[in-house]
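Peer 1: Before I ask anything, let me first share the structure, which is written out below as structure tokens.
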Amino acid sequence: MKHLAPWFISFGLLCACAASPQTPVHTPVSITIETSDNIQDWQQAAERIQQSIPEYSITIAKHNNNRIFNQIHTYDGKSQLCLEPRTHYDFAGNLVSFQPLLCHDIDTQLPENSLEQQITAWQQRLITPQSDESEIEFRNRILAESSPEDPLCFSVFPDLFAAGTQLPLQVEENYLLACAQKIDTPASNIYHSQTLAEWLRSIAAMLSDHNAFIARTFRSSLDDSSSEGVIYGNAIEAYTEIMFNKFRQAEITTLNALNKSDKANFWLLSRQSAILLSYIVSHTETMSGERLTAIVEAIAPQKGWPINVADFRRILQIKVCRMSMLVPDVTSQLVSACLPWLQISASHPDDFEMALLLIEHSIYGSDPNQPAIAPEVLQWLQNAVLSQESERIRHEFAQRMSVLPQLSEQERQILSTL
């Protein structure tokens, strides 16, 4: 299993090295929990916990949105906290373990004890596969262990599909629907299990071509007022617009959906929205340089992302940049956003010549108030390691460009030295 196999040691819900029930070993954790009631009591409880357990960094905030995860909910006279699922990676980008969603009733009369106990239980509850277990065996086992009370498949599947081996879309869709069915039963201690199932169906709908299923899922998403549910609804709205060839409208909606899912670390949802943007670029008849720049910048990976996710987004970014040659009003900002493509083009003369053509294209279309060549692009042009043939191409390009009036005196001087 790509990016997974090296650490398949044991399967199950593992305690993170508790030496004894009385002396648990705490690992560092940082979390923000929102609440609307008794904020001061919860803040004082968080401060006392941090004094006794320095590894815990707990922030209590007044909630501004209706969230499912990391928010204290009160219903039927009870209070419940659902701590979000997380995925852990090693320094090489391999998936190490899954930390599943954990929902418990909490005692508002004993905020310190209940909060500490739940966070400790949450951070010590890990899922890892066995060393001899295939990816499909792992998924099947997790699916079998899942229930409305303990929706393990919800915690595992999205990141497993986003960062593990790429599966056929039909397989991915079927597993998401199977997981939704497993957890879509009202349960006494996890009141939103049906909501989680609808989120899984939203992802599945973005892989489907069955209009009735997509429409039904979209209607369900309209009833979900949680901030996480809005993200899922936004993504399926964009997909629906693409299905009806409303490309400009879909472009705006998908950019919004991608931004929200990236911020929430919904990697599978982000992957699908990024692919949709690539599709929009390749099928839109009229695309401006400004709009394409926004798309390239949105697709670009960010610092701190899992390596597998970042690699995929970088590849997709380069793919979209290659299409920029067809856009009439290329700017230096777009070329700067496409710097990863320029960097890999240096290894082959034909690709390098195409990259220089994009730079030339942007010089002619540059804004008089902006540099004709972005400083980082000019620096790359100076320092790129090139073959003899590519050096000749760069020299001819620099000589031709250095006489253009769009360039500043400093830019002309640098080009004349190449």
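Numbering-wise, this note's numbering puts 114 at position 114 of the sequence shown, and it's gapless, one number per residue. By construction, the Cβ of each residue, glycine as well, lies at the ideal position given by its N, Cα and C atoms.
Can you name the start and end residues of the alpha helix (DSSP H) that Phe218 belongs to?
Peer 2: Stepping through the sequence shown from its first residue, residue 218 is reached at position 218. Segment Asn211 to Leu222, the alpha helix (DSSP H) holding Phe218.
Peer 1: Cutting at 7 Å between CB atoms, please list the residues of its own chain near Glu353, excluding the five before and the five after it.
Peer 2: If you number the sequence shown from 1, residue 353 lands on position 353. Correct list, in chain order: Ile393.
Peer 1: Excluding sequence positions up to five away, which residues of its chain have a Cβ less than 7 Å from the Cβ of Glu290?
Peer 2: Translated into the one-based positions of the sequence shown, residue 290 becomes position 290. Contacts found: none.
Peer 1: Residue range of the beta strand (DSSP E) that Glu34 falls in?
Peer 2: On the sequence shown, position 34 is the one that residue 34 refers to. Its beta strand (DSSP E) spans residues Val29 to Thr35.
Peer 1: How about Ser336 and Val377: do their beta carbons lie closer than 8 Å?
Peer 2: By 1-based counting over the sequence shown, the position of residue 336 is 336. By 1-based counting over the sequence shown, the position of residue 377 is 377. Against a cut-off of 8 Å, the Cβ pair of Val377 and Ser336 comes out as a contact.
Peer 1: Can you give me the C-alpha to C-alpha distance between Ala179 and Gln317, rounded to a whole angstrom?
Peer 2: Taking the first residue of the sequence shown as 1, we reach residue 179 at position 179. Taking the first residue of the sequence shown as 1, we reach residue 317 at position 317. Note on residue identity: the sequence assigns Cys, not Ala, to residue 179. Each residue's Cα considered, the two are about 31 Å apart.
Peer 1: Which value, in whole angstroms, describes the spacing of the CA atoms of Pro168 and Ile33?
Peer 2: Position 168 of the sequence shown, counted from the start, is the residue given in the question as residue 168. Position 33 of the sequence shown, counted from the start, is the residue given in the question as residue 33. Taking the straight line from one Cα to the other gives about 37 Å.
Peer 1: Could you tell me which residues DSSP pairs with Phe98 in its beta bridges?
Peer 2: Indexing the sequence shown from 1 puts residue 98 at position 98. Note: Phe98 sits in a beta bridge opposite Thr87 and Ile127.
Peer 1: Pull up the CB-CB distance for Glu84 and Asn70, whole angstroms please, since I reckon it's below 8 Å.
Peer 2: For the purposes of this step, residue 84 is identified with residue 84 of the sequence shown, where counting begins at 1. For the purposes of this step, residue 70 is identified with residue 70 of the sequence shown, where counting begins at 1. Indeed, because the Cβ distance is near 6 Å, the residues count as touching under 8 Å.
Peer 1: Out of Lys246, Ile252, Ile315 and Ala298, which has the shortest C-alpha to C-alpha gap to His283?
Peer 2: Counting from 1 along the sequence shown, the entry for residue 283 is found at position 283. Looking at the Cα atoms, Lys246 is the closest of the given residues.
Peer 1: Looking only at its own chain, which residues have a Cβ that is under 6 Å from the Cβ of Ile53, when we skip the five neighbours before and after it?
Peer 2: One-based indexing of the sequence shown puts residue 53 at position 53. Excluding sequence neighbours, Ile53 sits near His26.
Peer 1: So, at 6 Å on beta carbons, what are the nonlocal neighbours of Ala355 in its own chain, with the 5 sequence-adjacent residues on each side left out?
Peer 2: For the purposes of this step, residue 355 is identified with residue 355 of the sequence shown, where counting begins at 1. Excluding sequence neighbours, Ala355 sits near Leu342 and Ser345.
Peer 1: So which of Thr286, Ile236 and Asn256 has the shortest CA-CA distance to Glu297?
Peer 2: Against the sequence shown, residue 297 aligns to sequence position 297. It is Asn256 whose Cα lies nearest to the Cα of Glu297.
Peer 1: Cα separation between Gln399 and Pro158?
Peer 2: Residue 399 sits at position 399 when you count from the first residue of the sequence shown. Residue 158 sits at position 158 when you count from the first residue of the sequence shown. Roughly 51 Å between the two C-alpha positions.
Peer 1: For Glu173, does the count of other Cβ atoms within 10 angstroms reach 16, so buried, or fall short, so exposed?
Peer 2: In the sequence shown, the residue the question calls residue 173 occupies position 173. Per the 10 Å Cβ criterion, buried.
Peer 1: DSSP state of Cys82, grouped into three classes?
Peer 2: Locating residue 82 in the sequence shown gives position 82, where the first residue counts as 1. Note: Cys82 maps to strand in three-state DSSP.
Peer 1: Shortest alpha-carbon distance to Cys338 belongs to which of His348, Arg313 and Asp350?
Peer 2: For this step, residue 338 is matched to residue 338 along the sequence shown. Residue Arg313 is the option with its Cα nearest to Cys338.
Peer 1: Kindly list the residues whose CB is nearer than 6 Å to the CB of Leu415, restricted to its own chain and excluding five residues on each side of it in sequence; keep chain order.
Peer 2: The residue labelled residue 415 in the question sits at position 415 within the sequence shown. Hits under 6 Å: Ala398, Met401 and Ser402.
Peer 1: Considering Cα atoms alone, identify which of Ile39, Asn211, Ile49 and Pro375 is closest to Ile60.
Peer 2: To locate residue 60, count along the sequence shown from 1; it is residue 60. Ile60 has its Cα closest to that of Ile39, out of Ile39, Asn211, Ile49 and Pro375.
Peer 1: Could you pull the DSSP bridge partners for Thr240 from this structure?
Peer 2: What you label residue 240 is simply residue 240 of the sequence shown in a count that begins at 1. Its beta-bridge partners do not exist; DSSP assigns none.
Peer 1: Give, in chain order, every unbroken run of the beta strand (DSSP E) that is at least 3 residues long and sits entirely within the segment 275 to 325.
Peer 2: Whole beta strand (DSSP E) segments, 3+ residues: zero.
Peer 1: Quick check on this structure: which residue in Glu228, Ile72, Ser288 and Ile242 has the alpha carbon closest to the alpha carbon of Ser114?
Peer 2: Counted from its first residue, the sequence shown places residue 114 at position 114. Of Glu228, Ile72, Ser288 and Ile242, the residue nearest in Cα terms is Ile72.
Peer 1: State the Cα-Cα distance for the pair Ile183 and Ile68, rounded to the nearest angstrom.
Peer 2: If you number the sequence shown from 1, residue 183 lands on position 183. If you number the sequence shown from 1, residue 68 lands on position 68. Approximately 16 Å between the Cα atoms of the pair.
Peer 1: Since Leu200 contacts Leu176 with CB under 8 Å, what's their CB separation in whole angstroms?
Peer 2: As a first step, residue 200 must be located in the sequence shown, where it is residue number 200. As a first step, residue 176 must be located in the sequence shown, where it is residue number 176. Sure, about 5 Å apart at Cβ, within 8 Å.
Peer 1: Taking only three categories from DSSP, how would you classify Thr419?
Peer 2: Because the chain here runs from 1 to 418, residue 419 falls outside it and cannot be looked at.
Peer 1: With H, G and I counted as helix, E and B as strand and the rest as coil, what does DSSP make of Thr74?
Peer 2: In the sequence shown, the residue the question calls residue 74 occupies position 74. Of the three classes helix, strand and coil, the one that applies to Thr74 here is strand, per DSSP.
Peer 1: By Cβ distance, which residues of its chain are closer than 8 Å to Ile214, with the 5 residues on each side in sequence left out?
Peer 2: Residue 214 sits at position 214 when you count from the first residue of the sequence shown. Within the same chain, Ile214 has close Cβ partners Ala205, Ser208, Ile236, Tyr239, Thr240 and Met243.
Peer 1: Tell me whether His439 sits in a helix, a strand or coil according to DSSP, three-state version.
Peer 2: Limits of the chain in this structure are 1 at one end and 418 at the other, which puts residue 439 out of reach.
Peer 1: Quick check: the Cα distance between Leu268 and Gln413, rounded to an integer number of angstroms?
Peer 2: Taking the first residue of the sequence shown as position 1, residue 268 is located at position 268. Taking the first residue of the sequence shown as position 1, residue 413 is located at position 413. If you take the alpha carbons of Leu268 and Gln413, they lie about 47 Å apart.
Peer 1: List the residues that DSSP assigns as beta-bridge partners of Ala424.
Peer 2: The shown model of the chain, from 1 to 418, leaves out residue 424, and the question about it has no answer.
Peer 1: Round the Cβ separation of Phe98 and Val29 to the nearest angstrom and send it over; I've been treating them as touching at under 8 Å.
Peer 2: Stepping through the sequence shown from its first residue, residue 98 is reached at position 98. Stepping through the sequence shown from its first residue, residue 29 is reached at position 29. The pair is not a contact, with the Cβ atoms about 15 Å apart (cut-off 8 Å).
Peer 1: Measuring straight from C-alpha to C-alpha, what distance separates Leu13 and Ser147?
Peer 2: Working through the sequence shown from its first residue, we reach residue 13 at position 13. Working through the sequence shown from its first residue, we reach residue 147 at position 147. For Leu13, the predicted model reports a pLDDT of 33, less than 50, meaning its position is unreliable and no value from the coordinates is stated.
Peer 1: Look at the alpha carbon of Ser278 and the alpha carbon of Thr108, and state the distance between them as a whole number of angstroms.
Peer 2: For this step, residue 278 is matched to residue 278 along the sequence shown. For this step, residue 108 is matched to residue 108 along the sequence shown. Taking the straight line joining both Cα atoms gives about 48 Å.
Peer 1: With H, G and I counted as helix, E and B as strand and the rest as coil, what does DSSP make of His104?
Peer 2: For the purposes of this step, residue 104 is identified with residue 104 of the sequence shown, where counting begins at 1. His104 falls in the strand class under three-state DSSP.
Peer 1: Taking the alpha carbon of Leu404 as the reference point, which residue from Leu386, Tyr364, Pro368 and Ser79 has its own alpha carbon closest?
Peer 2: Position 404 of the sequence shown holds residue 404. The residue with the shortest Cα to Cα distance from Leu404 is Tyr364.
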